[in-house]
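The working numbering numbers the first residue of the sequence shown as 50 and each following residue consecutively. Beta carbons are placed, not taken as given, at the ideal position from N, Cα and C, and that holds for glycine.
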Amino acid sequence: MSLNFTGQTALITGASSGLGVEFARVLAARGANLVLVARRSDRLEALAAELRTEFGRAVTPYSLDLTRSGVGAELHQALAERNITIQTLINNAGFGTHGSFVDEDSARIANEIQLDVAAVVDLARTFLPDLLAAGTGALVNVASTAGFQPLPGMAVYGASKAFVLSFTEAIAHETRASGLKVIALCPGATETEFFDVVGTKDAAVGALQTPEQVIATAMRALDARRTPAVVISGRVNMISSTLVRLVPRRVAVALAARAVAGSAHPEPAAGDISARVGA
């Protein structure tokens with residue numbers, strides 16, 4: 050049976066492109082009202098207008114830089130002033146950097162950790178009481194297959210997604226007696242703006258999935274009677290993510306390094322090819 054979002058309000062971060070846009074369309078089609086959060090207000094406004102027209106939902110765009118600390122309380126207060134309560138949270142916003150760690154820009158790394166790790170925790174902690182009180186929605190933290198092993202060439206990104214995996218599994222266990230469904234969604238390489246900004250698809254390991262395929266996987270998991278805490282999108286990704294846990298750690302690291310080696314050339318500099326992504 051499909052999870053019913055009618056009458057719910059879903060908060061989606063990173064909603065201006067990629068997986069965030071597809072999440073918004075699918076949830077609106079399933080009856081949810083939406084709060085769309087990203088930095089690019091023009092894209093948010095355009096998407097909100099489109100969804101209102103197509104689905105007749107209440108859609109609230111909210112331009113916010115999630116790399117700032119304390120944004121969870123700020124957003125929660127702003128929504129409370131509009132009498133908006135969140136029943137489903139999609140923690141989708143994130144970005145990755147790519148290249149040798151020693152060449153990374155320190156400020157860029159700090160922003161990456163703030164968005165990919167700290168903001169996920171902050172928003173989950175801020176909105177979790179509301180989600181549990183409703184007991185009818187979902188908490189989806191977008192992780193990645195990059196989180197299943199250390200990732201030389203994308204060291205901070207891989208580590209941040211490993212954190213999201215561990216964090217989400219723990220929250221899923223803590224809330225298992227509630228009606229809330231909690232998943233870490235783990236796509237592999239996906240057709241998002243990441244590769245457009247980088248200027249190469251060398252960083253992609255395996256065939257790219259579309260955002261539609263990834264979100265369809267997420268929704269099937271949420272619709273299941275027993276929703277798993279970790280959801281991997283794509284059969285090949287599922288197999289490789291399983292196999293990497295069966296080999297010695299040093300072997301997994303070496304294989305991961307080889308897989309992304311084509312994208313870790315010394316030029317251009319790592320800071321120049323970092324990009325905002327949805328996974």
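Using a C-beta cut-off of 8 Å, the stretch 130-145 makes contact with the stretch 185-204, since at least three inter-stretch Cβ pairs fall below that distance. The criterion of a C-beta distance shorter than 8 Å is satisfied by Q258 and P236. Note on geometry: alpha-carbon atoms of A221 and D91 lie some 35 Å from one another. Put simply, the backbone Cα of E153 is about 10 Å away from that of A159.
In the three-state reduction of the DSSP assignment, S90 falls in the helix class. Selection T55, Q57, Y206 evaluated against G148 yields Y206 as nearest (Cα-Cα). Judged by DSSP secondary structure, F54 falls outside any alpha helix (DSSP H); it is assigned neither H nor E. Measuring C-alpha to C-alpha distances from A87 to each of A77, A81, P178, A73 identifies A73 as the nearest. It is roughly 9 Å from the alpha-carbon of V285 to the alpha-carbon of A256. In chain order, N82 place their CB closer than 7 Å to the CB of A107, counting only its own chain and leaving out the 5 sequence neighbours on each side. In the structure shown, T259 falls within a coil segment according to DSSP collapsed to helix, strand and coil. It is roughly 16 Å from the alpha-carbon of S112 to the alpha-carbon of E130.
Each residue's CA atom was taken as its position, placing G145 and I281 some 19 Å apart. DSSP links L188 through a beta bridge to L138, V231. Three or more Cβ pairs drawn from the stretch 196-213 and the stretch 163-179 lie within less than 8 Å of each other, which places the two stretches in contact. Cβ atoms of L214 and A233 come within 8 Å of each other, at about 5 Å.
Straight-line spacing of the CA atoms in M287 and V151 works out to 31 Å.
Comparing alpha-carbon positions, the option among A95, R79, T62, Q57 lying closest to A265 turns out to be R79. E261 is classed as exposed because its beta carbon has fewer than 16 other beta carbons within 10 Å across all chains shown.
Rounded to whole angstroms, the Cβ separation of I162 and T62 is 16 Å, and the two are not in contact under 8 Å. In the three-state reduction of the DSSP assignment, T217 falls in the helix class. In the structure shown, the three-state DSSP call for T146 is coil.
Assignment of S112 by DSSP, reduced to helix, strand and coil, places it in the strand class.
By the CB criterion at 8 Å, D114 and G143 fall outside the cutoff.
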